[in-house]
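Everything on this sheet refers to the single structure shown next.
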Amino acid sequence: MDDALMKPEIMALTADHMQAAAGIRRVALWQRLPWLPDLHTPEQEEQYWRMHLLPDCSILGAAMGNQLVGVIAYGDNWIEQLYVLPGFQGMGIGSSLLGCAKEEMNEIRLWTFRRNAGARSFYERHGFTAEKETDGADNEEREPDVLYHWRRLPERTLRLQPSGG
């Protein structure tokens, strides 16, 4: 298979993409965590992306052909959303999207549900460490969650020591 067909195109998303972005979140989240309560309609979720995330975050999408298959919303040292459609997971799409955010921020925090072992493993592979666990009382779903943190390491500079003489 042609490698160009396997590599996603990463692009900035606009208001026209918010329905698709919300749909990716919905499909990916409930495939991974089917026990979560379904608290919002697809229309309400689209409005959240359009009215809250779009004005306040950078939102990037990953497309394969003409299909949006992954999405990330980030800013202010937080990742608000990162989802990849189940059939496209494990192909480096989430890593590519996360890499874009890491290029722009020196420090990142994010929440994920404690029982989402796949997400936790993904973030830990990318250098995030668990900072705090909660019982879920402060999130809509009432699902225990974990706060993750990543910080860019300072670049090391090599200094040549003058030779003694």
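With full-length UniProt numbering applied, the sequence shown corresponds to residues 1 to 165, in that order. A virtual CB, placed ideally from N, CA and C, is assigned to each residue, including glycine. Keep in mind the model is a prediction, meaning the values are calculated, not measured.
**Message:** Helix, strand or coil for Gln89? Go by DSSP, reduced to three states.
**Reply:** If DSSP states are grouped into helix, strand and coil, Gln89 belongs with coil.
**Message:** Using only the alpha-carbon positions, how far apart do Thr134 and Leu13 sit?
**Reply:** The alpha-carbon separation between Thr134 and Leu13 amounts to approximately 32 Å.
**Message:** Going by the DSSP bridge assignment, what does Trp30 pair with across the sheet?
**Reply:** According to the DSSP secondary-structure assignment, Trp30 is paired through a beta bridge with no residue.
**Request:** Express the C-alpha separation of Asn116 and Arg32 in angstroms, rounding to a whole number.
**Result:** Cα to Cα, the separation comes out at about 7 Å.
**Item:** Leu68 vs Gly75 beta-carbon contact at 8 Å
**Value:** Not closer than 8 Å, so no.
**Request:** Determine the contact status of Leu53 and Ala73, defining contact as a CB-CB distance below 8 Å.
**Result:** Pairing Leu53 with Ala73 gives a Cβ-Cβ distance under 8 Å.
**Request:** Give me whichever residues DSSP pairs with Gly61 in a beta bridge.
**Result:** Gly61 has Met11, Val71 as its beta-bridge partners, per DSSP.
**Request:** With distances taken Cα to Cα, identify the nearest neighbour of Lys102 among Gly118, Phe113, Tyr83, Phe128.
**Result:** Of all alpha-carbon atoms in Gly118, Phe113, Tyr83, Phe128, the one lying nearest the alpha-carbon of Lys102 is that of Phe128.
**Asked** Quick one: is the Cβ of Glu131 within less than 7 Å of any heavy atom of the ligand FAD?
**Response** As far as ligands go, the structure on display features none, and thus does not contain the ligand FAD.
**beta strand (DSSP E) segments (min. 3 residues) lying fully within the region 102-163** = Annotation note: the region 102-163 contains the following uninterrupted beta strand (DSSP E) runs of length 3 or greater, listed N- to C-terminal: 107-113, 129-133, 145-151.
**Request:** Please check if any C-beta of chain D sits within less than 8 Å of the C-beta of Ala63.
**Result:** No chain D appears in the structure shown, which is made up of a single protein chain.
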